[in-house]
Amino acid sequence: MQNDKTRDSSATLTFFLLSILLIFILIILIFTHEYSWLVFNFLITFILCIITFSFLLSVFLPLLNFEDKLFVFWKSVSSFIFGNKILLAINNGIIEGDYLLLNNKPKIHLLVVNDKSAAVVLENRSQTNIYQPGFYVFRKPITVLGALSSELKIAKIGPENQATFDPKTHGENLSDYHARISGAEKTRAITRDGVEIFSLIQIFYRIDVNNIETEINKDLLNLFRNSFPISSSPQPGIVLENVLLEKILNDWKRTVENSTFKEIVTNFPGKYHPQKEILIGLILEVFITGIYQLNKSFAGLIQNEK
Amino acid sequence: MKNNTFTGILKLVIMIMLFFIIWSILAIISTTWNPYGPFNFGLPITSENRILSQSILSDIIASYFSFFTISHLLLLSLVVLFCYFLVRNLGKYIFSYSPYHSTARIFFSRLFAFNGNLLIDLSNLHSPNSLLNSHSITYGPAQVIIPPYSAAIIQDKNNQLRIITVLGIDNNPVIINSWEKLIEIIDIKNGSSSINIKGINLPFSGKRICLKYRYLTDKTTNAVNNSISTFVKVCNSGNYRMMIESIIQFESLSLLNQYQNSLNKNQHTAGRNIKQVGDNNSVRIKRLHRQFYYVPPKNKLPLFLTRNRKRHPNFYNINNKNKPAYNVEKAIPQDELTSIVHALSRNVDRTMIHLFGSKIIEIVDYQIGGKD
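Protein chains in written order, with the working numbering: chain A, 1 to 306; chain B, 1001 to 1372.
Following this line, the structure appears as structure tokens:
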């Protein structure tokens, strides 16, 4: 929940005062030989702690059952005393803190997934599940593989216009120039009749985190798990999105390679339907909104060449 | 809200009463069993000549303020305080950061369900910023003034959503009850999307189609509620309007291209005639058509297109007597255009339901014409 550096000073002070007072009371009871009161005092304090914590926690989490509250209390106190992290929060598809960069990952028992996010969690060392927004209590520690954003996004791949292929201008930064050219180069494909084209592809997509039981999402989870060890990125969700977008791009290139130039310019601009196996865990719509050629002074849909 | 206030006061009274009951129990234990023995010193009330009432009162006070009672009361208070701090630390993770509320404020307002006198003015919320991204999630109880022509989406403790729409300039605040939170404010101004159909070999080529749409967020039935819940999960209020307009544009292009393909097939023979009819000017137009076809962002044309148009002012002039034979706008019946727009509306609905999980807009009007 918190480490030593971020431990709440008010809680520390209260805990210190509580301990002092409890010790003081126990000493008095020992002096007065009231050993039954001594045991009673311990018990009462402990039970009072549980009841109070349970009551106060229900203000924030009214739907949590008593057993879970008891577990949360136990873990909160141990986290407070030993300073280990037991809770992880995910906001906007991003895991808070440096959790993913840590070599020795803390044992997470409590998971908070906030709005528009989902967490990919490895349980029992083998089972991967997706958790949607909510507060989760895990009796056995879990490993969070990454976070996903459920928001709809738009990705634009390819040259914006014919000027994308222009030589570097005087005022242009070298890195900007390379970014411009390499962005366009990504969509380079050669049609069956040997015409080199570049496409402007606009993809609306979101990761389908709702139907976790479907085969599609099992594939997604496998993909996530396989890509996890190699991704040193702090956010594997972003890596995953790039992998999926790359697959769509490759699918489009295959379509171009299997079509003639005339077929391409006849059918597009328009909606493109990728192969079904590309749609792993994704809800998407793909539009091809421009076809360009490098060595001509025009770009886009060549209507009159149909 | 009045009920909430009453409940809040009642809870507070019960808690104060509970405190005094516990204090009294401790005082009774202190008098009856006296576990501290000689260490249980109390207040020094040792007057010898006391009347009975004074004696009783002094005994009561002595037991209430005895060392045993006070120490245990302090112990109890510290236990409550320590548990409160533990819960508050958890709350920091459970509740997203909000500049308007501390975790403590959320805690106490929920515990006592106090009426929110807190007035939050979000009327100047920048539309490109999502409520979530701008860290402005607002927890109840509070009163929020939202921008005109926008919808406030409020979530209760059972994750049910309700929507309050403000269709005009309205200074009446939206009331968010205790246990509720304002999760999104979306802009629901009626919008329009223009599609430039230059370069497509359609009868109305060279014109714009302007499609007007409205948002379907003013319905609050349960069916809509379910679809809205999906929409809220996927919607980023910062860019969803741009996305909707882009979807309309791309769907239009897709449909117009299909329409043109079908037209070309039907007029295959007529196409040959076009070549024969075409004079020098039509050949020139043909070449210029090769120049570029591009969906202009936000109805803005690229510079080189503007340049081309300046060079050839008659290029898009469909009334020019030398226009090519396939530019026969007058020959297109109105019902055909209407059917195209209806087909477009269906396609847009399908895409919206696929992407957003619900039909959130409705194309209400269209206009063809107006040269670029």
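Each residue gets a CB set at the ideal place from its N, CA and C atoms; glycine is no exception.
>> Measuring alpha carbon to alpha carbon, tell me which residue in B:1360, B:1051 and B:1146 is nearest residue 1185 (chain B).
In response: Here the closest residue by C-alpha is B:1146.
> residue 150 (chain A) to residue 1088 (chain B), Cα distance in whole Å?
Replying inline: About 28 Å.
>> For residue 1188 (chain B) and residue 1215 (chain B), which I take to be in contact (beta-carbon distance under 8 Å), what is that distance rounded to the nearest angstrom?
In response: With a Cβ gap of about 4 Å, residue 1188 (chain B) and residue 1215 (chain B) count as contacting.
>> Is the beta carbon of residue 1348 (chain B) closer than 9 Å to that of residue 1248 (chain B)?
In response: For the pair residue 1248 (chain B) and residue 1348 (chain B), the CB atoms are nearer than the 9 Å cut-off.
> What are the residues that DSSP puts in a beta bridge with residue 119 (chain A)?
Replying inline: According to DSSP, residue 119 (chain A) shares a beta bridge with A:131 and A:147.
>> Quick check: the Cα distance between residue 38 (chain A) and residue 14 (chain A), rounded to an integer number of angstroms?
In response: Taken atom to atom, the span from the alpha-carbon of residue 38 (chain A) to that of residue 14 (chain A) is near 21 Å.
> What does a CB cutoff of less than 7 Å around residue 260 (chain A) pick up in its chain, not counting 5 residues either side in sequence?
Replying inline: Around residue 260 (chain A): 191, 192 and 193.
>> For chain B, check one thing: does any of its Cβ atoms lie closer than 9 Å to the Cβ of residue 17 (chain A)?
In response: Answer yes: the Cβ-Cβ gap between residue 17 (chain A) and chain B drops below 9 Å somewhere.
>> What does the alpha-carbon distance come out to for the pair residue 1105 (chain B) and residue 251 (chain A)?
In response: Rounded to the nearest angstrom, the two C-alpha atoms are 53 Å apart.
>> So residue 58 (chain A) and residue 73 (chain A) are supposed to be a Cβ contact under 8 Å. How far apart are they, rounded?
In response: The pair is not a contact, with the Cβ atoms about 12 Å apart (cut-off 8 Å).
>> Using the three-state DSSP reduction, which class does residue 141 (chain A) fall into: helix, strand or coil?
In response: In the three-state scheme derived from DSSP, where H, G and I count as helix and E and B as strand, residue 141 (chain A) is classed as strand.
> According to the Cβ coordinates, are residue 94 (chain A) and residue 147 (chain A) closer than 9 Å?
Replying inline: Result yes, Cβ atoms of residue 94 (chain A) and residue 147 (chain A) sit closer than 9 Å.
>> I want to verify the contact list: residues of chain B whose CB lies under 9 Å from the CB of residue 150 (chain A), in sequence order.
In response: By Cβ distance, chain B contributes 1233 and 1234.
> Name the chain A residues whose beta carbon is nearer than 8 Å to that of residue 1258 (chain B)?
Replying inline: One finds 270 in chain A with Cβ atoms closer than 8 Å to the Cβ of residue 1258 (chain B), taken in chain order.
> Which stretch, first to last residue, makes up the alpha helix (DSSP H) that contains residue 1088 (chain B)?
Replying inline: In the DSSP assignment, residue 1088 (chain B) falls within the unbroken alpha helix (DSSP H) covering 1067 to 1094.
>> For residue 91 (chain A), list the residues DSSP reports as bridge partners.
In response: In the DSSP secondary-structure assignment, residue 91 (chain A) is bridged to A:94.
>> Using C-beta distances below 6 Å, list every residue in its chain close to residue 285 (chain A), excluding the 5 sequence neighbours before and after it, in chain order.
In response: Hits under 6 Å: 204.
>> Taking the alpha-carbon of residue 270 (chain A) as reference, which of A:199, A:22, A:20 and A:47 has the nearest alpha-carbon?
In response: Of A:199, A:22, A:20 and A:47, the residue nearest in Cα terms is A:199.
>> If we define contact as Cβ-Cβ less than 9 Å, is residue 179 (chain A) a contact residue for chain B?
In response: Output row for residue 179 (chain A): interface = no.
> From this set, B:1074, B:1023, B:1033 and B:1076, which residue's C-alpha is nearest residue 1064 (chain B)'s C-alpha?
Replying inline: Selected option, being the one with the closest Cα: B:1023.
>> For a test of the three-state rule: what should DSSP assign to residue 275 (chain A), helix, strand or coil?
In response: Note: residue 275 (chain A) maps to coil in three-state DSSP.
> Is residue 76 (chain A) close to chain B, meaning its C-beta is less than 9 Å from at least one C-beta of that chain?
Replying inline: Contact with chain B is found for residue 76 (chain A), since one of that chain's Cβ atoms lies less than 9 Å from the residue's Cβ.
>> Using C-beta distances below 8 Å, list every residue in its chain close to residue 1280 (chain B), excluding the 5 sequence neighbours before and after it, in chain order.
In response: Note that residue 1280 (chain B) scores a pLDDT of 37, beneath 50, so its modelled location is shaky and nothing firm can be said.
> Where DSSP assigns a beta bridge to residue 1365 (chain B), which residues make up the other side?
Replying inline: According to DSSP, residue 1365 (chain B) bridges with B:1212.
>> Am I right that residue 1154 (chain B) and residue 1182 (chain B) are in contact with their C-beta atoms under 8 Å? What's the rounded C-beta distance?
In response: A Cβ-Cβ distance of about 5 Å is found for the pair residue 1154 (chain B) and residue 1182 (chain B), placing them in contact under the 8 Å criterion.
>> Taking 9 Å as the threshold (C-beta atoms), are residue 109 (chain A) and residue 75 (chain A) in contact?
In response: In this structure, residue 75 (chain A) places its C-beta atom within 9 Å of the C-beta atom of residue 109 (chain A).
> Under the three-state reduction of DSSP, which class applies to residue 230 (chain A): helix, strand or coil?
Replying inline: Confidence at residue 230 (chain A) is low in this model, with a pLDDT of 45, below 50, so the placement of that residue should be treated as unreliable; the coordinate-derived value is given next. In the three-state DSSP reduction, residue 230 (chain A) falls in the coil class, being neither helix nor strand.
>> Using 8 Å for Cβ pairs, my map puts residue 1138 (chain B) next to residue 1163 (chain B). What's the rounded Cβ distance?
In response: Actually they are not in contact, since the Cβ atoms of residue 1138 (chain B) and residue 1163 (chain B) sit about 15 Å apart, beyond 8 Å.
> Out of B:1263, B:1252 and B:1005, which has the shortest C-alpha to C-alpha gap to residue 1108 (chain B)?
Replying inline: The option with the nearest alpha carbon to residue 1108 (chain B) is B:1005.
> Closest Cβ-Cβ distance between residue 165 (chain A) and chain B: below 9 Å?
Replying inline: No Cβ of chain B is located within less than 9 Å of the beta carbon of residue 165 (chain A).
>> Between which residues of its own chain and residue 195 (chain A) is the CB-CB distance below 6 Å, once the five residues before and five after are set aside?
In response: Counting only Cβ-Cβ distances below 6 Å, and skipping sequence neighbours, we find 261.
> Under 9 Å between the Cβ atoms of residue 1071 (chain B) and residue 1231 (chain B)?
Replying inline: Result no, Cβ atoms of residue 1071 (chain B) and residue 1231 (chain B) do not sit closer than 9 Å.
> Counting pairs of Cβ atoms below 8 Å between the stretch 97 to 108 of chain A and the stretch 135 to 147 of chain A, do you hit three or more?
Replying inline: The stretch 97 to 108 of chain A and the stretch 135 to 147 of chain A touch, with no fewer than 3 CB-CB distances between them shorter than 8 Å.
>> On the criterion of 16 or more Cβ atoms from any shown chain inside 10 Å, does residue 1246 (chain B) qualify as buried, or is it exposed?
In response: By the 16-neighbour rule on beta-carbons within 10 angstroms, residue 1246 (chain B) is buried.
> Using a C-beta to C-beta distance shorter than 7 Å, which residues of chain A count as neighbours of residue 1035 (chain B)?
Replying inline: Within chain A, the residues near residue 1035 (chain B) are 29, 32, 34 and 37.
> Bridge partners of residue 136 (chain A), per DSSP?
Replying inline: As a beta-bridge residue in DSSP terms, residue 136 (chain A) pairs with A:111.
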